[in-house]
Amino acid sequence: MPIITIKPSGKTVEMPVGASLAAAVIAAGESMVLKCEGKGECDSCHIFVQEGRKSVSKIQRLENERLDAIVGVGSKSRLACQAMIGEEDVVIELLGFSSGL
Ligand code: FES
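Quick note on numbering: the working numbering labels position 84 of the sequence shown as 1202, and the sequence is numbered without any gaps.
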């Protein structure tokens, strides 16, 4: 199973393929607010995928629209509830802020 490393803490968690990055964050014991309960309708789970981006599911229309509305979005940005884990290890970075949407 792929290993997800979560920065800045450096915690790691082994997750099954097809689980979301949000599930990995929570499984690792990190806190993540899922304001819309993982429906891709807010930005509270915005993270950066630092390594292993090709192993994470492609951005779908709903996520893309939400990301477009987020201040501070970058090429590594994903909504953790919408990004599903693939076969390879992934390194993500928690941002520690939210625009409050
Ligand atoms: S929890 Fe709302 S978009 Fe992920």
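Even for Gly, the Cβ is constructed at its ideal location relative to N, Cα and C.
Contacts around Gly1218, its chain only, beta-carbon distance under 6 Å, and the 5 residues preceding and following it disregarded: Reading the sequence shown from its first residue, position 100 is the one you call residue 1218. Because Gly1218 carries a pLDDT of 44, less than 50, the predicted location of this residue cannot be relied on, and no value is offered for it.
7 Å Cβ shell around Arg1179 - same chain, five flanking residues per side excluded: Locating residue 1179 in the sequence shown gives position 61, where the first residue counts as 1. Contacts found: none.
Reduced DSSP category for Val1097 - H, G, I as helix; E, B as strand; rest coil: As shown, the chain starts at 1119 and ends at 1219. That puts residue 1097 outside it, with no answer to give.
Coil, strand or helix - Glu1132 by DSSP: Reading the sequence shown from its first residue, position 14 is the one you call residue 1132. Of the three classes helix, strand and coil, the one that applies to Glu1132 here is strand, per DSSP.
Buried versus exposed call for Met1133 [16 or more other C-beta atoms within 10 Å across all chains shown]: Within the sequence shown, numbered from 1, the residue matching residue 1133 stands at position 15. That one is buried.
Sequence-ordered residues whose beta carbon comes within less than 7 Å of a heavy atom of the ligand PLP: For the ligand PLP, the structure offers nothing, since it holds only the ligand FES.
Reduced DSSP secondary structure (H/G/I, E/B, other) of Ile1144: For the purposes of this step, residue 1144 is taken as the residue at position 26 of the sequence shown. Residue state, collapsed to three classes: helix.
Segment limits, beta strand (DSSP E) that includes Glu1169: Residue 1169 sits at position 51 when you count from the first residue of the sequence shown. It spans 1164-1169 - the beta strand (DSSP E) in which Glu1169 sits, taken as one unbroken run.
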